[in-house]
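Novice: Counting with numbering that gives the first Met the number 0, you get residues 0 to 130 for the letters of the sequence shown.
Glycine included, C-beta positions come from ideal geometry on N, C-alpha and C.
A quick note: this is a predicted structure, and the numbers were derived from the prediction, not measured.
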Amino acid sequence: MPPEAPFSLSRAERFDGLVGDEVARLGRRWGRELAEVEFAVEDVPDVTSGDPAPVPVPLSRTRPASEGRPPRIIVYRRPIEARSGGPGARGRGVDERELARLVRDVLVEEVADLLGLSPESVDPSYDSPDE
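Below you can see the structure in the form of structure tokens.
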């Protein structure tokens with residue numbers, strides 16, 4: 000396959016592309032409000048705690064602006080892949096449509112939280128099963 004073919008990309012690269020596409024889509028509508036926001040992808044969140052009770056694994060998080068640092072929205076690839084039928088999810092492969100929908104919903108929720116809006120006002124297609 001040629002290097003630019005989608006199948007020549009790693010899972011992480013395809014995921015980064017999904018996040019980048021969604022950030023660009025949101026930026027077309029909320030560009031001014033998101034101009035200073037940093038977006039990042041990490042494989043897994045740090046969920047270590049001293050509490051013996053199970054800790055829910057987050058799909059994303061927002062770090063507010065502080066001490067001259069801009070706000071940052073972090074999306075966690077492996078938990079999102081697992082939630083969309085990814086590796087280790089009972090032998091199923093990643094459902095690419097579900098993965099794209101989940102990335103969209105997670106980013107819309109984080110942007111809405113950051114802007115103090117409802118997800119539906121940030122993106123009217125939020126949580127729409129047909130998109």
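#1: Between Gly16 and chain B, is any beta-carbon pair separated by less than 8 angstroms?
#2: Measure the Cβ-Cβ separation of Pro63 and Glu35 and say whether it is below 8 angstroms.
#3: Flag this pair as yes or no: are the beta carbons of Glu109 and Ser65 separated by less than 8 angstroms?
#4: From Ala99, Val43, Gly30 and Thr47, pick the residue whose C-alpha is nearest to that of Ile73; which is it?
#5: If you run the structure through DSSP and keep just helix, strand and coil, what is Ala154?
#6: If the criterion is Cβ atoms closer than 8 angstroms, does the pair Leu25 and Leu114 meet it?
#7: Pick out whichever of Asp45, Gly67 and Pro51 has its Cα sitting closest to the Cα of Pro57.
#8: With DSSP collapsed to three states, give me the class of Ser59.
#9: Using 10 angstroms around the beta-carbon of Asp104, count the other beta-carbons present and answer buried if the total reaches 16, otherwise exposed.
#10: Taking 8 angstroms as the cut-off, decide whether the C-beta atoms of Asp112 and Thr61 are in contact.
#11: Looking at the secondary structure, which residues open and close the beta strand (DSSP E) in which Val74 lies?
Specialist: If we stick to the structure as given:
#1: No chain B is part of this structure, which consists of one protein chain only.
#2: No, the pair does not count as a contact, with Cβ atoms beyond the cut-off.
#3: Contact: no.
#4: If we check each option's Cα against that of Ile73, Val43 comes out closest.
#5: Summary: the structure shown does not reach residue 154, with the chain confined to residues 0 through 130, and so no result is reported for it.
#6: Cβ atoms of Leu25 and Leu114: not closer than 8 angstroms.
#7: Nearest C-alpha to Pro57: Asp45.
#8: In the structure shown, Ser59 falls within a strand segment according to DSSP collapsed to helix, strand and coil.
#9: Around the beta carbon of Asp104, a 10 Å sphere encloses 16 or more other beta carbons of the protein chains shown; the residue is thus reported as buried.
#10: Between Asp112 and Thr61, the CB-CB gap stays under 8 angstroms.
#11: Arg71 to Tyr75 is the span of the beta strand (DSSP E), which, as asked, contains Val74.
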